[in-house]
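In the working numbering, the protein residues as written are 2 to 160.
Ideal Cβ positions, reconstructed from N, Cα and C, are used throughout, including at glycine.
Have a look at the structure below, then the notes.
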């Protein structure tokens, strides 16, 4: 017998599930944050140092960067990782007033990306931090990377 295969919506399906829906158009904005993460909407905690060539050194298991946005966040790209092989990044998200201590009947909203083999520090990080005055992205790459924000975008969006 099996599952029926339909070539198109039937009159019965159109009656049951109709009328036709109107598509919704969503727009997104990108927000770029750079180390040392001193922004009004950012909280940074449990870190050891701020180094101009490598950024903020977070404590491995409980260091954090918290970013509060006015609109829902649909994706996060982290450029950078642990400075040792097989490092990881964890992203969690919470509703207003929600914490690990007061949540009930739900899973923690958490994603972990493993096996990040970061470089410590990469030439791109050093260029973004201005470690070598006069050295530009054009000197070290054939890509047309204009500045730090452009580099973060291109290095994180599948370029």
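- When DSSP states are grouped into helix, strand and coil, residue 24 belongs to the coil group.
- Taking the Cβ atoms as the reference, residue 113 lies roughly 31 Å from residue 138, outside the contact range of under 8 Å.
- In this structure, residue 77 lies away from residue 153, with their beta-carbon atoms at least 8 Å apart.
- Taking the CA atoms as reference points, residue 35 sits about 36 Å from residue 24.
- Out of 99, 68, 56, 30, the CA that lies nearest to the CA of residue 41 is found in 68.
- Collapsing the DSSP output to three states places residue 67 in a strand.
- Note on residue 56: 16 or more other CB atoms within 10 angstroms of its CB, so buried under the neighbour-count rule.
- Bounds of the alpha helix (DSSP H) holding residue 12 are 12 to 18.
- Nearest C-alpha to residue 62 among 70, 49, 73: 49.
- Residue state for residue 151 is assigned as helix, using DSSP reduced to three classes.
- Excluding its 5 nearest sequence neighbours in each direction, residue 87 has C-beta neighbours in its own chain below 8 Å: 115, 116, 117, 118, listed in chain order.
- Straight through space, the alpha carbons of residue 52 and residue 107 are spaced by roughly 38 Å.
- One Cα belongs to residue 33, the other to residue 94, and the distance between them is close to 18 Å.
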